[in-house]
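Chains as they are written, first to last, in my numbering: chain Y, 1179 to 1592; chain L, 6 to 299.
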């Protein structure tokens, strides 16, 4: 036995184990402060795993509002502003095609309400007694929800722009003693009577039962009116409970499945099986690393795709090991048998993987957002498996065979 | 050699037909149980704090003017799935608050709404994806192997897809966009298995033993790869069974489709793809012989 090769092998095993343990186990085991495992800390979970809402909105052409590239950009900006006010971490708002908007909000408490607010036109008008629109929300500078500390009355306080202030002063002067209605999307909010001219450019809307309700209105008014009419084409919301359930159960299933593979490989293929298992652990870490590196989103189908790619990674080794066994049976020595096994096995593995990659590419192109995650993990898995199952296992097998660490060909399945 | 896979091929064809024919009849008579992804509509899943009777939930749903609710299904101890026509935001909010008021405090697990525009797009994309994936595979195999092997591989794929579709139709298990992903993955696995055997056939064809006829050569190739086929299917089945038992209800149907498909894929690569290629090849040799005589 060559001790140097045994040492190299031991170093590899220890290094893999160390990286694996620090990546997956919670860091609090090593530190006092409670911190999530590295993987969990850095991987972006999809909406189906952390809860959230995915909405596809489409602008509808109306007589007053045409759908143009410009109006879509404006609509996107307004929705961005409304969503940001909700305090959602990293919302996704994308234009898709000519007239669609995709909005994804993670970890939101009331997705129904959020979607309703998102698509509200929020067109504010002031109308005089004759029903003519004299001022619109376009001249608003600010809107704030305020609770009066003494009376407890909740209002939305409006501040106009400079031009709006002048207009409002003129309008209130002209309408002293007459009503001035405030309308949102054609519905009258209230119809107060003007007592005296208001030169300050400030107005208030009353009649809210809670600060929350007023705050939502303030957000809508502040962000301004949508330039187009938006309709919900598709909405998928997942509650945080279901997301957590899905994450826990799929991780549990993954651990059991992976353990079953590791045991099977070790029992059936012995020495090469153990090395393949080591390669499989490296493979798992590599895939997770790439995933975090390219900032991909881990979805439930993504986890399934990853677990299935374990099968592909193992398959490459199974094909090659079976080939090595055959070569050993023809009477070849250990090292020539390993070389021949890898050489002949590789062609089969290559062709098989290319076709699976083709399927994954098609799935990515045609799939919905969630299944793109599946296609991405499957593809990363296949590419990584070519690296670990072929290059790494081969190198380690040579190390073991060449170092005479294990000489008995029976231990290679012959 | 003990067991001749190829000589017994008529038996394998009969087994395949025995599985395929009932499924095909079911597909024609009752079709698939399409979920809202393909039909459009709304799906609400709620979890009550207390154990709840299905009748209480049904009363509220009916009270909301959704008497035509497609189904109300108990999906767990305190969980319910409610499928209805497409509800807009106000309507679904009204339904959920009515459930809260009349049945009890609840957590909203899922609320999905798919309009007709999206469901039509999904259906079209699904079919397009299947056709394009098959075409790409055919082209690749024709380049790397030969056209006849490409045809045989496509026959095997068709076999597996129809087995899964047939069983899902027979059992009326709901089909959604996840199912399409499952079918595409099944195609990937099935072609993977088939290629491993075809790779052996390609190699053995180059070094064909003198006097060995085509049947025996295919049989020998299958025997050389059969351990790998079994072991690989086993590892995938380990993962799938774990996902099926522990993976939770959301991906249950997806995993079930995969399990059926992967098993069928392993079967078809041995018992469908290889014999079909042999039939095509034998026909070519016979045809070629006649031309040579003429």
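Cβ atoms here follow ideal geometry from the backbone N, Cα and C, with glycine treated the same way.
Closer than 8 Å at the C-beta level to chain Y, one finds these residues of the segment 113-132 of chain L: 113, 114, 115, 116, 117, 118, 119, 120, 122, 123, 127, 130 and 131. A straight-line Cα-Cα distance of about 47 Å links residue 1332 (chain Y) and residue 1428 (chain Y). For residue 1560 (chain Y), DSSP assigns no beta-bridge partner whatsoever.
If you ignore the 5 residues before and after residue 1580 (chain Y), its C-beta comes within less than 7 Å of the C-beta of 1183 and 1513, all in its own chain and listed in chain order. The Cβ neighbour count for residue 197 (chain L), taken over all protein chains shown within 10 Å, is at least 16; the residue is labelled buried.
Within chain L, no residue has its CB atom less than 8 Å from the CB of residue 1453 (chain Y), the nearest being about 16 Å off. Listed along chain L are 251, each with a C-beta nearer than 7 Å to that of residue 1430 (chain Y). For residue 164 (chain L), the enclosing alpha helix (DSSP H) starts and ends at 152-175.
Between residue 62 (chain L) and residue 77 (chain L), the gap from beta carbon to beta carbon is short of 8 Å. Counting along the chain, the unbroken alpha helix (DSSP H) around residue 222 (chain L) starts and ends at 219-251. Within its own chain, the residues whose Cβ lies closer than 8 Å to the Cβ of residue 1187 (chain Y), once the five positions on either side in sequence are excluded, are 1574, 1577, 1578, 1581 and 1583, listed in chain order. DSSP places residue 1304 (chain Y) in no alpha helix (DSSP H) but in the uninterrupted beta strand (DSSP E) bounded by 1302-1305. In terms of beta-carbon proximity, residue 259 (chain L) lines the interface with chain Y, with at least one pair separated by less than 8 Å. Residues of chain Y with a Cβ closer than 8 Å to the Cβ of residue 18 (chain L) do not exist; the shortest Cβ-Cβ separation is about 25 Å.
DSSP places residue 1271 (chain Y) in the uninterrupted beta strand (DSSP E) bounded by 1270-1274. Listed along chain Y, no residue sits closer than 9 Å to residue 269 (chain L) by beta-carbon distance, the nearest being about 16 Å off. Within the same chain, and ignoring the five residues on either side of residue 1234 (chain Y) in sequence, the residues whose Cβ sits closer than 7 Å to its Cβ are 1278, 1280, 1411 and 1412. Judged by DSSP in its simplified three-state form, residue 1521 (chain Y) adopts helix.
Residues of the segment 1507-1535 of chain Y with a C-beta atom less than 7 Å from some C-beta of chain L are 1525, 1526, 1529, 1530, 1532, 1533 and 1534, listed in chain order. Rounded to the nearest whole angstrom, the CA to CA distance from residue 1488 (chain Y) to residue 1436 (chain Y) is 8 Å. Identification of chain Y residues near residue 157 (chain L) by a Cβ-Cβ cut-off of 8 Å yields none; the smallest Cβ-Cβ distance measures about 14 Å.
Chain L has a Cβ within less than 8 Å of the Cβ of residue 1289 (chain Y).
In this structure the segment 159-176 of chain L does not lie against the segment 1510-1527 of chain Y, because fewer than three pairs of beta carbons, one per stretch, are closer than 8 Å. Pairwise C-beta distances place the segment 1370-1386 of chain Y out of contact with the segment 1229-1244 of chain Y, as fewer than three of them are shorter than 8 Å.
Residue 253 (chain L) and residue 1367 (chain Y) have their alpha carbons spaced roughly 47 Å apart. For residue 24 (chain L), the uninterrupted alpha helix (DSSP H) run begins and ends at 14-34, by DSSP.
Under the three-state reduction of DSSP output, residue 9 (chain L) falls in the coil class, being neither helix nor strand.
Look at the segment 1468-1479 of chain Y: the residues with a C-beta under 9 Å from a C-beta of chain L are 1478 and 1479. In this chain, the beta strand (DSSP E) harbouring residue 1238 (chain Y) covers 1230-1238. For residue 47 (chain L) against residue 90 (chain L), the beta-carbon gap comes to about 7 Å, under 8 Å, which counts as contact.
Closest option to residue 1319 (chain Y), judged by alpha-carbon separation, among Y:1400, Y:1372 and Y:1456: Y:1400. Counting only the Cα atoms, residue 1369 (chain Y) lies some 52 Å from residue 183 (chain L).
At least 8 Å separates the CB of residue 285 (chain L) from every CB of chain Y. Judged by DSSP secondary structure, residue 1323 (chain Y) falls within the beta strand (DSSP E) whose first and last residues are 1318-1325. Across the set L:121, L:199 and L:181, the C-alpha of L:199 shows the shortest separation from the C-alpha of residue 267 (chain L). The Cβ atoms of residue 52 (chain L) and residue 127 (chain L) lie no closer than 8 Å to each other.
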